[in-house]
Amino acid sequence: MSTLSRPFYGRVGAVNSVATFLVGVAIFVGILGIVVPVLPGALLSLAAILIWALEVQSATGWTVLAAAVVLIGASQVVKYIVPERRLRESGVPRRSMFVGVVLGIVGFFLIPVVGMFVGFPIGVYVSERQRIGNHDEAWTSTKHALRATGLSVLIEFIGTSLAAAVWLVAVLFLV
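The sequence shown: position 65 = 105 (my numbering), numbered continuously.
In structure tokens:
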């Protein structure tokens with residue numbers, strides 16, 4: 041009998057408490073990874089819920105997995121659609137966002153952990169300053185890009201947190 045399927049005589053049924061705890065840790069690390077891009081994000085949380093469902097092998101487990109796929113999948117789609125629309129409405133071109141992302145990636149390697157947060161706004165500002173030629177308007181565009189990025193992170197965070205909440209309710213009360 042494997043370690044994961046050894047029975048635990050409590051609420052978690054056929055999945056032992058250590059395995060359930062490790063799945064919970066992986067889900068939490070995934071949620072942290074949405075905010076701190078060094079760590080894996082929503083996909084880690086989804087993978088952890090998948091592993092849990094494979095171990096539980098019950099209708100509850102598959103329902104929780106389906107709910108997680110829907111919640112995280114929807115957040116992945118919405119996190120691109122809503123901020124993109126707001127950026128278009130504010131007049132920030134895709135080129136400026138692309139330059140911001142490129143400098144964010146460069147910054148990530150030059151300044152570990154915080155480099156992305158430094159490089160992205162610098163890239164957007166430099167691109168907008170070159171395009172517009174005016175500091176105030178370039179800075180306004182940069183603020184719009186930062187708000188859109190924050191909204192994108194918030195959407196993904198909410199979707200993954202809701203999936204984690206569904207999993208937690210199942211572990212505590214249903215399995």
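We put the beta carbon where it would ideally sit given N, CA and C, even for glycine.
Distances from the alpha-carbon of Ser130 to those of Leu186, Val209 and Ser98 put Leu186 closest.
The C-beta distance from Leu111 to Leu194 rounds to 14 angstroms, too long to meet the 8 angstroms contact threshold. The residues Gly159, in chain order, have a CB closer than 6 angstroms to that of Val146 in the same chain once the five nearest residues on each side in sequence are set aside. Where Ile74 is concerned, the enclosing alpha helix (DSSP H) starts and stops at Ser57 to Val75.
The beta carbon of Leu90 sits closer than 7 angstroms to the beta carbons of Leu105 from its chain, once the five residues preceding and following it are set aside; these are given in chain order.
The alpha helix (DSSP H) runs lying completely inside the region 63–142 and spanning 4 residues or more are 82–96 and 99–130, given in chain order. Residue range Gly155 to Ile172 is occupied by the alpha helix (DSSP H) that includes Ile172. Secondary structure at Ile145: helix, using DSSP grouped into helix, strand and coil. Classified as exposed, Ile121 has fewer than 16 neighbouring CB atoms from the shown chains inside 10 Å of its CB.
Pro152 counts as exposed, since fewer than 16 other beta carbons sit within 10 angstroms of its beta carbon.
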